[in-house]
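Here the structure comes first, spelled out in structure tokens, and everything after it is commentary.
In my numbering, the protein residues as written are 11 to 365.
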């Protein structure tokens, strides 16, 4: 078990498109393990007075206090972190005292001003932020102070991965495809895809393809599958995600159209066990949530088993500024009276916990 872990961020030096960021304006690293705990780094490109913020978050549920060294550095164009480059270190006590979905956070609210990022930029106009967490076990303040700074050896600049772009091209091409989908009775032509990719991404597709091969007792070169109760645009968007692992931009013509597309896509993600897509849709729906749409999102969360979305919706309803408005909407009345009558009791319990 390692007591340390390192992750990297890449940031644009140019002004950030705020609409492209998540609702909390943060970029998160993958979750890493160190010292028997799970951690992630959060970077807010434009946080306080134009500064970049970098934080360490303890993800795992641990009731004990954890002492760590948290290093954050910006690597120069020569990929060396040292005296000539920008770095900061902090020894912090991290412990659990948060509500579900919120994590104990420590770090640097004013890590570096965005105006200074250009000094460390690569030729592509981006900078690399390297973060390290080292969990301490029996270390003294002296040994902490004498620990070497975060460093990364000189190396070769590696091009950014383009696998998502390359695989995404296959969605619009019939080249080497071996399965066709006739979706929802639409008059649109069948959608072509590749069984190996779909089976690797979705256990539902994997079981479906294996079932067809067993029935036919052969590995047929081409397969035709009918997909009822789904429109072709939703299915094609889902396919594109399965190839690229990204949610396409520009769903719908406006917020209302985007919400309809996201609700359909979330239902498709639940149907084919695509958990990441499901959560991405939920996150986008939360960004657009209003007094008039929260009941629809609650119904969606109940139907498709989205506990995080449900929790956030209930908290939105119970907020003092929203409650009187939400409970008078036709959609909310229909939800609690006819569709989910037990929801009121659940909301009362949550309200009691908050108080």
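Don't be surprised by glycine CBs; every beta carbon is placed ideally from N, CA and C.
Check	Outcome
Closest Cα partner of residue 214 within the set 358, 200 and 282	282
Closest residue to residue 137 among 195, 217, 18 and 145 (Cα-Cα distance)	18
Three-state class that DSSP yields for residue 138 in the structure shown	strand
Cβ neighbour criterion (16 or more within 10 Å) applied to residue 142	buried
Inside the stretch 284-346 only - alpha helix (DSSP H) runs reaching at least 4 residues	285-297, 304-313, 317-328, 333-336 and 340-344
Close-in-space but distant-in-sequence residues of the same chain around residue 354 (CB under 8 Å, 5 per side omitted)	346
Whether residue 292 touches residue 308 by CB criterion (9 Å)	no
Proximity below 9 Å, CB of residue 261 to CB of residue 249	no
Helix, strand or coil at residue 36 [DSSP, three-state]	coil
Which listed residue (340, 14, 122 and 187) has its alpha carbon closest to that of residue 79	14
Candidates 55, 242 and 269, of which the one nearest residue 119 by Cα	55
Status (buried if at least 16 other CB within 10 Å, exposed otherwise) for residue 212	buried
Alpha carbon of residue 177 to alpha carbon of residue 70, nearest angstrom	34 Å
Those residues which DSSP pairs with residue 51 across a bridge	66
One or two residues paired with residue 116 in a DSSP bridge	66
Segment limits, alpha helix (DSSP H) that includes residue 242	242-254
Contact under 9 Å by Cβ, residue 284 with residue 252	yes
Coarse secondary structure for residue 197, derived from DSSP in three states	coil
Reference residue 47; option with closest CA among 67, 247, 36 and 59	67
Rounded C-alpha distance that separates residue 330 from residue 63	30 Å
Cβ neighbours of residue 361 in the same chain (closer than 8 Å, five flanking residues each side left out)	328
Residue 247 burial status per 10 Å Cβ neighbour count (16 or more: buried)	buried
Residue 312 burial status per 10 Å Cβ neighbour count (16 or more: buried)	buried
Sequence-distant residues of its chain with Cβ nearer than 8 Å to residue 195 (five each side left out)	238
Supposed contact pair residue 45 and residue 145 - C-beta distance, whole angstroms, cut 8 Å	3 Å
Proximity of residue 128 and residue 254 at Cβ, strictly below 9 Å	no
Buried or exposed (CB count within 10 angstroms, at least 16 for buried), residue 171	exposed
Proximal residues to residue 233 (C-beta, below 8 Å), its chain only, five neighbours per side dropped	188, 189, 190, 205, 219 and 222
Paired residues, beta bridge with residue 18 - DSSP	140
Cβ-based burial, residue 21 [other Cβ within 10 Å; buried from 16]	buried
With 16 other Cβ atoms within 10 Å as the buried cut-off, status of residue 343	exposed
Cβ-based burial, residue 358 [other Cβ within 10 Å; buried from 16]	exposed
Nearest-angstrom Cβ-Cβ length linking residue 296 and residue 269, presumed shorter than 8 Å	Going by Cβ atoms, the distance from residue 296 to residue 269 rounds to 11 Å, so no, they are not a contact pair.
Contact belief for residue 192 with residue 236 at Cβ below 8 Å, rounded distance in angstroms	5 Å
Beta-carbon separation (whole angstroms), residue 49 vs residue 41, contact threshold 8 Å	7 Å
Residue 83 versus 124, 123, 140 and 333, residue with shortest Cα-Cα distance	140
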